[in-house]
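S.K.: Heads up: the sequence shown begins at 9 in this note's numbering, then just goes up one per residue.
Ideal Cβ positions, reconstructed from N, Cα and C, are used throughout, including at glycine.
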Amino acid sequence: MRRGRSEEQVGVPPPPPLKAPNESDVTSAWQGARSDPLVSVVCHAFNHERFIADALEGFLAQRTQFAFEVIVRDDASVDSTRQLISSYAERYPAIVRPVFEISNRYSQGVLPSSCTLPLARGQFVALCEGDDYWCDAEKLQRQVDLLVCSPRCGMAIHPATRAHLDADGVWHCRTFCDHSTQLEDIPVSAIFALGTQFAPTSSYLFRAACIPRWSSFASANAPTYEDFFLECIGSQGQFAYQPQSMSVYRWGHEGSFTHSHRRADGEKLLADFRKNASATRSLVSEPGVSERDISRRDSIARRNCLRSLMRIGAIPQIALLAESGGLDEISLIERCAVAASENVPGLASAAWRVWRAVKPLR
Numbered sequence: 009m010r011r012g013r014s015e016e017q018v019g020v021p022p023p024p025p026l027k028a029p030n031e032s033d034v035t036s037a038w039q040g041a042r043s044d045p046l047v048s049v050v051c052h053a054f055n056h057e058r059f060i061a062d063a064l065e066g067f068l069a070q071r072t073q074f075a076f077e078v079i080v081r082d083d084a085s086v087d088s089t090r091q092l093i094s095s096y097a098e099r100y101p102a103i104v105r106p107v108f109e110i111s112n113r114y115s116q117g118v119l120p121s122s123c124t125l126p127l128a129r130g131q132f133v134a135l136c137e138g139d140d141y142w143c144d145a146e147k148l149q150r151q152v153d154l155l156v157c158s159p160r161c162g163m164a165i166h167p168a169t170r171a172h173l174d175a176d177g178v179w180h181c182r183t184f185c186d187h188s189t190q191l192e193d194i195p196v197s198a199i200f201a202l203g204t205q206f207a208p209t210s211s212y213l214f215r216a217a218c219i220p221r222w223s224s225f226a227s228a229n230a231p232t233y234e235d236f237f238l239e240c241i242g243s244q245g246q247f248a249y250q251p252q253s254m255s256v257y258r259w260g261h262e263g264s265f266t267h268s269h270r271r272a273d274g275e276k277l278l279a280d281f282r283k284n285a286s287a288t289r290s291l292v293s294e295p296g297v298s299e300r301d302i303s304r305r306d307s308i309a310r311r312n313c314l315r316s317l318m319r320i321g322a323i324p325q326i327a328l329l330a331e332s333g334g335l336d337e338i339s340l341i342e343r344c345a346v347a348a349s350e351n352v353p354g355l356a357s358a359a360w361r362v363w364r365a366v367k368p369l370r
């Protein structure tokens, strides 16, 4: 396995969204009953009125020999997301199953998948957030075929195009989560060695048999994000990787996870780190996961948390993170140097103020 990503392309738009046919054309090649889908496509949306149509069109444009359903959940959006979902449910009543929340559950600490995965009727589950989309009409068929032929793998994944539209209307795109140029089985230990995302959520296709285990884990540990933990549990020890990029991940827009994470304050960043570190330790019983994997992930997570805290100059939280162990003086000096070298206004002075504040604790 290699870890890589393409060079950023500036001014080149991402692959265009697919366009769905009418419902009868979608289902024309299906074998078996519509009421017995092989795949459940699960989509989570919140204030995605600008994007949700692209996501739904991509699902409904899939050309498959099997029946599939689309479970799309709106977490009490305050824009027109709900109305847009309703319009698709009316046009595709045999496929689209809408779920509408009265109040926002994510703000109450409820993970989106805890509300949707138990509703899945398929043998396989595919995920895609409401602000991302699929750009290949053969995606589902390819991934199902791959998992059927790979009984040791629990999850199929692929690269995606990461796309960002800046304030000047210029696209910045690159292929990311590009691990190989060929079909490859990847052990779950690989996800513990990365400080960045291993696979795009929009690439996930996993066996529904893991849902009870995931629900139990999420209820007991309450992590603040899903992808890493769902990859670990859903893979059942091994991923089936395809090299084709078949989806687009919108990055950094208002309302996205990346945008909200960058705006988080120091107290939240540290609290999230602690909660997720505890959840990570409970993964040691999962297939293919070792104590060494857990230790490696903890070290990487600490480094990333420190970097995020330095970015916003959260000195009290950095001191607390240092006190909790795992950050020696050399590590802190190196982290400060790296942070200070980034082209972020005021970061250099903030980084060294952090070091002066933390040093007496060591």
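1. Which one of Ser158, Glu77, Glu98, His56 has the shortest CA to CA distance from Leu135?
2. Go through its chain and collect everything with a Cβ distance to His180's Cβ below 7 Å, but skip five positions before and after it.
3. For Leu26, does the three-state DSSP call read helix, strand or coil?
4. Answer yes or no: do Gly274 and Ala322 have a C-beta to C-beta separation smaller than 8 Å?
5. Helix, strand or coil for Val118? Go by DSSP, reduced to three states.
6. Compute the distance between the beta-carbons of Trp142 and Met254, then report whether it is under 8 Å.
7. Does Leu46 come out as helix, strand or coil in the three-state DSSP assignment?
8. Where does Lys147 land, buried or exposed, given buried means 16+ other C-beta within 10 angstroms?
9. Roughly how many angstroms lie between the CA atoms of Leu329 and Ala285, to the nearest whole one?
10. Assign Gln73 to buried or exposed, taking buried as 16 or more other Cβ atoms, counted over all protein chains shown, within 10 Å of its Cβ.
11. Within this structure, are the beta carbons of Cys161 and Ala216 separated by less than 8 Å?
12. Quick one: what's got a C-beta closer than 7 Å to Asp62's C-beta in the same chain, skipping five residues either side?
13. Reducing DSSP to helix, strand and coil, say where Ala134 ends up.
14. Where Ala327 and Phe200 are concerned, what is the direct C-alpha to C-alpha distance, given to the nearest angstrom?
15. Taking the beta carbon of Ala28 as the centre, do at least 16 other beta carbons fall within 10 Å, making it buried, or is it exposed?
16. Mind checking Ala75: buried by the 16 CB within 10 Å criterion, or exposed?
17. Whose C-beta lies closer than 7 Å to the C-beta of Arg113 among residues of the same chain, with five residues either side of it excluded?
18. Who pairs with Val78 in a beta bridge, going by DSSP?
19. Helix, strand or coil for Tyr233, going by three-state DSSP, please let me know.
20. Bridge partners of Thr183, per DSSP?
21. Touch check for the stretch 28–38 and the stretch 93–106: three-plus C-beta pairs under 8 Å?
22. Is Thr35 near the ligand MN, going by C-beta to nearest heavy atom under 7 Å?
23. Check each candidate in Ser88, Ala41, Asp44, Phe67 and name the one with the smallest Cα separation from Arg58.
24. Would you report the Cα separation of Val133 and Pro220, rounded to the nearest angstrom?
25. Using the Cα positions of Ile93 and Asn55, report the straight-line distance between them to the nearest angstrom.
26. Have a look at Ser293, Asp280, Pro126 and flag the residue whose alpha-carbon is nearest the alpha-carbon of Gln244.
M.R.: On the basis of the coordinates in this document:
1. Glu77
2. Glu16, Val18, His172, Asp174
3. coil
4. yes
5. coil
6. yes
7. coil
8. buried
9. 12 Å
10. exposed
11. no
12. Pro25, Tyr141
13. strand
14. 26 Å
15. buried
16. buried
17. Asp83, Cys123
18. Val49, Val104
19. coil
20. Thr169
21. yes
22. Here there are no bound small molecules, and the ligand MN is not part of this structure.
23. Ser88
24. 13 Å
25. 12 Å
26. Ser293
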